[in-house]
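Numbers 9 to 81, taken from my numbering, label the letters of the sequence shown in order. For each residue, glycine too, the CB sits at the ideal point set by N, CA and C. Nothing here was measured: the structure is a model prediction, and the numbers come from that model. Accompanying notes for the structure given below.
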Amino acid sequence: MCIAIPFEVREIKDNLAKVSIGTTSRVVYLDLLDEIKVGDFILVHAGFAIEKLDREEAEKTLSLFKEVVDEIY
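Have a look at this one:
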C-alpha cells in the first residue's frame, strides 16, 4: 500500500523543497506542482510533492494518521 504524507514546506531551492512535519524532515522534488511557496502544505509520495493542501486539510489528515497508529500500538 502506498500512502502520501502531508508536509509543510520550509525551504525551496530550484525544484527541491525541504519539508517537515513534527521532527521529521525530507527533501522532495517539486517538479509536479506549480506555485509552491514556503509555508504551504503538500502531499508527498515517493519523494515528489503531488498535491497542494490547505492547512486544515493537512492537519485533518495527520490527525487521522495518528488515530490509526494509536489503534495499532
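Check	Outcome
Any alpha helix (DSSP H) of 4 or more consecutive residues that is wholly inside the region 14-75	none
Exposed unless 16 or more other CB atoms sit within 10 angstroms - verdict on residue 11	exposed
Integer Cβ distance of residue 19 from residue 46, believed to fall under 8 Å	7 Å
Whole-angstrom distance between residue 30 and residue 64, CA atom to CA atom	16 Å
Burial state of residue 40 (16 or more Cβ within 10 Å)	exposed
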